[in-house]
Amino acid sequence: MTNKIPAIRPSWLPYLLILCFSISALTTVAQDKGDEDKTMANSVKTRDQKAIDEAMQSWWPASMKTRNSRLTWWRDARFGIFIHWGIYSLPAGEWEGKNIGGYAEHLMRKAKIPRSTYLELAHHFDPTKFNADKWVQAAKYAGMRYLIITAKHHDGFAMYNSQVSDYNVVKQTAWKHDPMVDLAAACKKYGIKFGFYYSHAFDWEHPDAPGNDWDYQNPGGDLNLFGGRDWYDVHPELLPKAVNYVDKKAIPQIKELITRYHPDILWFDTPQKLPLSENIRILKAIRETDPNIIVNGRLARGSGNLQLGDYKNTADRPAEFFPVIGDWEAIPTTNESYGYSKFDKSHKPVSFFIRLLAKATSRGGNLLMNIGPMGDGEFAPEDTAILQGIGRWMSKNSASIYQTTKTALPYQSWGVSTRKNNLLYLHVFNWPKNGQLIVGGLKSGISKAWVLADKKELKFSRLDPLDVAIHLPAQAPDTSNTVIVLETTTGKIETDTVRLLASRETTNRLLAFDARLEGKGFGFGDGKTSSYYVEGWKNTNQSVNWDFRLIEPATYKILLKYAADNVDEGTYELSSGNHKVKGSVEAIAKGVQVKEQELGTVSLEPGAHSLSITPVEIKKAGLMKILEIQLIPVSTP
20 MTNKIPAIRP
30 SWLPYLLILC
40 FSISALTTVA
50 QDKGDEDKTM
60 ANSVKTRDQK
70 AIDEAMQSWW
80 PASMKTRNSR
90 LTWWRDARFG
100 IFIHWGIYSL
110 PAGEWEGKNI
120 GGYAEHLMRK
130 AKIPRSTYLE
140 LAHHFDPTKF
150 NADKWVQAAK
160 YAGMRYLIIT
170 AKHHDGFAMY
180 NSQVSDYNVV
190 KQTAWKHDPM
200 VDLAAACKKY
210 GIKFGFYYSH
220 AFDWEHPDAP
230 GNDWDYQNPG
240 GDLNLFGGRD
250 WYDVHPELLP
260 KAVNYVDKKA
270 IPQIKELITR
280 YHPDILWFDT
290 PQKLPLSENI
300 RILKAIRETD
310 PNIIVNGRLA
320 RGSGNLQLGD
330 YKNTADRPAE
340 FFPVIGDWEA
350 IPTTNESYGY
360 SKFDKSHKPV
370 SFFIRLLAKA
380 TSRGGNLLMN
390 IGPMGDGEFA
400 PEDTAILQGI
410 GRWMSKNSAS
420 IYQTTKTALP
430 YQSWGVSTRK
440 NNLLYLHVFN
450 WPKNGQLIVG
460 GLKSGISKAW
470 VLADKKELKF
480 SRLDPLDVAI
490 HLPAQAPDTS
500 NTVIVLETTT
510 GKIETDTVRL
520 LASRETTNRL
530 LAFDARLEGK
540 GFGFGDGKTS
550 SYYVEGWKNT
560 NQSVNWDFRL
570 IEPATYKILL
580 KYAADNVDEG
590 TYELSSGNHK
600 VKGSVEAIAK
610 GVQVKEQELG
620 TVSLEPGAHS
630 LSITPVEIKK
640 AGLMKILEIQ
650 LIPVSTP
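Quick look at the structure:
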């Protein structure tokens with residue numbers, strides 16, 4: 020299984036030799052390190068602008084007239100399951116006795132497995148324990164209302180009976196079965212919307228597609244050939260080859276999936292591997308084939324916030340969410356790999372996903388939670404336990420998720436809130452020890468309050484024109500997330516937008532994502548556990564600020580958290596009320612480390628306040644990548 024097939028490279032080889040000596044090699048834009056891209060977007064060039072203009076003047080406006088109607092079910096659903104499953108699930112992250120690491124579905128690229136060897140692996144794929152009904156029933160029990168499965172991932176291997184390419188699960192595996200037929204039927208049977216992930220721009224088996232630089236010396240791979248990420252701009256003469264792949268494989272297979280299985284949604288990825296003009300051409304083909312299919316945001320998006328899909332996608336594996344306007348979706352996974360990895364046991368607790376779902380919904384987004392089934396066709400026990408745990412919570416609390424929208428309530432120290440008409444759903448993560456939940460900024464009257472799970476009514480009282488106290492039992496019914504329902508007296512819920520801080524017990528997390536940013540140039544990290552930061556802090560005219568209120572005197576310990584790296588260093592001043600303190604950020608030699616700094620204590624009186632951080636001196640590219648400020652109540656005698 021180690022013999023390479025003859026490299027198919029005649030049309031690329033002359034350009035490879037030229038590249039070694041060309042000036043473009045000096046301006047190569049490298050692919051992002053790791054298994055994912057930071058921006059998942061294209062810069063717009065003249066070629067792309069022509070495609071944009073053609074779309075805007077013809078088919079695209081017509082397609083957007085029906086956008087709201089096709090998104091109706093998706094907006095109501097809020098929660099879906101993402102499934103990465105392919106022949107890579109069989110080795111499960113291992114190759115030649117080694118743990119390859121990273122995303123298991125990227126095994127072919129990371130281990131540089133020749134196409135012929137990978138095809139031999141396919142011959143051994145025989146997932147006899149696969150049961151579509153069990154998969155869909157497990158998702159439905161967890162409260163998921165749509166399912167997206169990898170019809171073809173970056174390895175180029177179709178997990179359905181494609182007539183376009185023999186490189187597929189029916190023609191090349193021992194199983195000789197089309198699981199998409201079963202899944203489409205099961206989703207219809209159990210009332211789940213059905214869709215496909217299709218890797219349109221990255222295909223490691225096709226000799227004309229971007230990505231495979233070990234068999235074919237093609238652009239778009241880890242070797243950064245032909246100008247790296249922007250190969251099609253540096254060497255446009257190479258583009259016809261990729262266009263041939265799009266014409267002969269990508270578009271025909273996408274149309275095949277649409278006409279054969281009638282999906283409700285199509286999900287795309289890595290658009291930067293092709294120029295925007297090609298991505299737009301693929302989107303046009305989809306709209307011509309079935310204008311009612313939802314298309315995610317990673318097919319055709321470009322610089323200047325150009326979004327031609329139906330909704331936006333945030334980054335992979337989020338823990339926090341940066342501000343997004345409009346419809347959006349996040350894609351966490353149960354551990355750190357999307358495809359099944361037998362080595363990755365970093366599964367997050369059920370409470371993480373229950374809270375993440377509530378946080379996404381509270382900001383008007385959807386959660387598409389991924390699992391990677393095993394090579395035998397079954398869900399891993401860890402994933403099954405997570406689905407069952409979420410399902411137990413959803414069985415009592417799903418009304419706070421489905422068909423809800425974000426509220427106008429300001430951020431709350433105890434959790435988040437969602438809304439449905441005149442009902443407010445309070446998702447309480449931090450249960451108050453004194454039995455009094457203060458809802459800050461709620462000006463509307465309340466006619467009734469109750470615990471959603473058991474319908475037990477709760478007493479409440481108004482503290483002042485802006486704040487309401489809900490009287491709770493001593494113990495939280497659900498320590499992950501207890502949902503309290505408030506029925507307001509009017510359909511229009513009136514609020515005050517300034518955040519009320521907790522004065523006792525609960526730590527107030529002032530996330531950088533939620534700050535008021537003054538000055539131009541700021542950007543957001545991707546929201547992962549150590550990168551939910553604000554970056555681009557490059558001059559002293561920029562500041563990060565939070566506005567808040569207090570209804571009683573309070574003293575807080577101030578804790579700063581930031582992600583240290585080798586490009587940010589400087590000094591700053593933090594101020595709140597009469598408290599001013601200077602601090603410094605030092606660069607580290609390598610990697611990224613989350614660091615904490617204690618910045619003294621501040622005592623504040625009732626009323627409106629702000630906390631600001633301003634640069635004093637920026638010694639490198641930026642000041643720091645700030646994650647959050649924590650204001651931790653300090654008990655006073």
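Residue 20 is where the sequence shown starts when you use the numbering used here, and the numbers rise one by one after that.
Glycine included, C-beta positions come from ideal geometry on N, C-alpha and C.
Keep in mind it's a predicted model, so treat the numbers as computed, not measured.
Around the Cβ of N453, are there at least 16 other Cβ atoms within 10 angstroms (buried) or fewer (exposed)?
exposed
For the candidate residues K580, K129 and W93, whose alpha-carbon lies nearest to that of I167?
For I167, the closest C-alpha among the options K580, K129 and W93 is that of W93.
Taking all protein chains shown into account, do 16 or more other C-beta atoms lie within 10 angstroms of the C-beta of S88, making it buried, or fewer, making it exposed?
exposed
Under 8 Å Cβ to Cβ from T514, same chain only, skipping five residues before and after it: list those, please.
T426, A427, L428, P429, G460, L461, K462 and S463
At what residue ranges does the region 223-296 contain a whole run of the alpha helix (DSSP H), taking only runs of 4 or more?
The region 223-296 contains these whole alpha helix (DSSP H) runs: 250-253, 258-264 and 270-280.
Could you name the residues of the same chain whose beta carbon sits closer than 8 Å to that of L623, not counting the 5 residues immediately before and after it, in chain order?
L569, P572, A573, T574, Y575, S595 and G596
Hey, G358 and G105: beta-carbon distance below 8 Å or not?
yes
Would you grab the beta carbon distance between K292 and G230 for me? Rounded to a whole angstrom, and I think it's under 8 Å.
6 Å
Helix, strand or coil for F40 per DSSP?
Confidence in F40 is poor, its pLDDT being 31 and thus under 50, which makes the residue's placement unreliable; the coordinate value appears in the next sentence. In the structure shown, F40 sits in a helix (DSSP, three-state: H, G or I).
Just tell me which of R279, K267 and K415 has its CA closest to the CA of I301.
Nearest to I301 by alpha-carbon distance, out of R279, K267 and K415, is K267.
Comparing alpha-carbon positions, which option in L387, W412, T423 and K367 lies nearest E401?
K367
Assigned exposure category for S562 - 16 Cβ within 10 Å defines buried
buried
What's the call for E307, buried or exposed, on a 16-neighbour Cβ count within 10 Å?
Exposed is the call here.
For the structure I just gave you, are there three or more beta carbon pairs, one from the region 640-654 and one from the region 577-589, closer than 8 Å?
At 8 Å Cβ cutoff, the stretches touch.
Close Cβ partners of G538 (< 6 Å) along its chain, the five nearest in sequence each way excluded:
N560 and Q561
What residues match up with E139 in a beta bridge as DSSP calls it?
Beta-bridge pairing links E139 to no other residue.
Out of I637, T620, V635 and L593, which has the shortest C-alpha to C-alpha gap to S629?
L593
Can you tell me which of the three DSSP states Y107 falls into?
helix
Simplified DSSP state of I651, which is helix, strand or coil:
strand
Would you mind stating whether L443 and I512 have Cβ atoms separated by less than 8 Å?
yes
Applying the criterion that 16 or more other CB atoms from any shown protein chain within 10 Å of the CB defines a buried residue, is D584 buried or exposed?
By the 10 Å Cβ count, D584 comes out buried.
When DSSP labels each residue in this structure, what does Y421 get in the three-state scheme?
coil
Measure the CB-CB distance between K159 and E397 and report whether it falls below 8 Å.
With respect to E397, K159 sits apart: the two C-beta atoms are not nearer than 8 Å.
Under the three-state DSSP convention, the category G619 falls into
strand
Taking G99 as part of the beta strand (DSSP E), name the residues at either end of that continuous run.
F98 to I102
Taking CB distances under 8 Å as the criterion, tell me whether R306 reaches chain B.
As a matter of chain content, chain B is missing from the structure shown, which is built from one protein chain.
Chain-order list of residues whose beta-carbon lies under 8 Å from that of R317 (same chain, five-residue window excluded)
M59, W286, F287, D288, T289, P290, G328 and N332
Quick one: residues in its chain with C-beta nearer than 8 Å to the C-beta of T424, no 5 flanking neighbours on either side, listed in chain order?
Exclusion of the five residues before and after T424 leaves G383, T437, R438 and K439 as the residues of its chain whose Cβ lies within less than 8 Å of its Cβ.
Neighbourhood of E224 by C-beta distance below 6 Å, restricted to the same chain and skipping five residues each side:
Once the five neighbours on either side are set aside, the close Cβ partners of E224 are R134, G175 and Y186.
With DSSP as the reference, identify every bridge partner of D483, one or two as the case may be.
D486
Near L45, what residues of its chain come up, given a Cβ to Cβ distance below 8 Å and the 5 sequence neighbours on each side ignored?
Because the pLDDT at L45 is just 37, under 50, the model does not fix this residue reliably, and the value given afterwards should be weighed accordingly. No residues qualify anywhere along the chain.
Could you name the residues of the same chain whose beta carbon sits closer than 6 Å to that of I42, not counting the 5 residues immediately before and after it, in chain order?
Reliability fails at I42, whose pLDDT of 33 lies under 50, so the model's placement of it is uncertain and the value that follows must be treated cautiously. Taken in chain order, the list of residues that qualify is empty.
Distance, Cα to Cα, P110 vs G394?
8 Å
Within 10 angstroms of its Cβ, does S414 collect 16 or more other Cβ (buried), or is it exposed?
exposed
Could you tell me which of P451, D483, V502 and F532 sits nearest to K474, measuring between CA atoms?
V502
Quick one: any contact between the region 77-88 and the region 138-153, if contact means 3 or more CB pairs under 8 Å?
no
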